[in-house]
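Novice: Position in the sequence shown counted from 1, then plus 5, gives you my numbering.
Note that CB positions come from ideal geometry on N, CA and C, so glycine has one too.
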Amino acid sequence: MSPENNKICKINTAQCPICKDFVSGIHYGVQTCESCKSFFKRAISFDKSSTFQCLQIHNKGKCRLSPFRRNCKFCRFHKCIKAGMLPNLVRIKKERGGRAAIYVKTKLF
Ligand SMILES: [Zn+2]
Ligand SMILES: [Zn+2]
Numbered sequence: 006m007s008p009e010n011n012k013i014c015k016i017n018t019a020q021c022p023i024c025k026d027f028v029s030g031i032h033y034g035v036q037t038c039e040s041c042k043s044f045f046k047r048a049i050s051f052d053k054s055s056t057f058q059c060l061q062i063h064n065k066g067k068c069r070l071s072p073f074r075r076n077c078k079f080c081r082f083h084k085c086i087k088a089g090m091l092p093n094l095v096r097i098k099k100e101r102g103g104r105a106a107i108y109v110k111t112k113l114f
């Protein structure tokens with residue numbers, strides 16, 4: 006094992022399960038990037054998810070998302086859900102109104 010390899014392993018390798026960007030923390034129950042966090046939040050808060058339509062008419066739900074291509078809201082939202090993001094956690098924050106964020110204790114292990 007070269008020290009070089011070691012180094013690479015220690016870098017935060019966590020990838021956003023939705024778009025493969027770097028993870029910024031645990032958001033709504035899942036480790037995601039900052040961008041997907043706010044996307045999910047917006048989608049839930051404004052109840053937009055039902056209006057999303059896949060960009061690929063003939064291949065619905067199959068868009069490949071990457072840090073540079075996150076333009077299909079339909080696929081993105083579904084990936085969020087599939088990854089285990091919890092809409093409830095967004096709603097809770099909304100009900101309590103505004104800034105007072107509730108820190109949900111996620112039981113890891
Ligand atoms: Zn992401
Ligand atoms: Zn799509």
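1) Who pairs with Q20 in a beta bridge, going by DSSP?
2) Could you have a look at R96 and say whether DSSP puts it in helix, strand or coil?
3) To the nearest angstrom, how far is it from the Cα of S79 to the Cα of G30?
4) Would you decide whether F94 is buried or exposed? Buried here means 16 or more other CB atoms lie within 10 Å of its CB.
5) Is the beta carbon of R81 closer than 8 Å to that of R74?
6) Whole angstroms are fine: how far does the CA of D52 sit from the CA of K84?
7) Buried or exposed: which applies to R104, given that a residue is buried once 16 or more other Cβ atoms fall within 10 Å of its Cβ?
Specialist: In short, the structure shows the following:
1) F27
2) helix
3) With the sequence shown as reference, residue 79 is identified as Phe, and Ser is not the correct amino acid for it. Rounded to the nearest angstrom, the two C-alpha atoms are 23 Å apart.
4) According to the sequence displayed, residue 94 carries Leu and not Phe. That one is buried.
5) no
6) 17 Å
7) The predicted position of R104 is uncertain, since its pLDDT is 49 and thus under 50; a value taken from the coordinates is nonetheless stated next. It counts as exposed.
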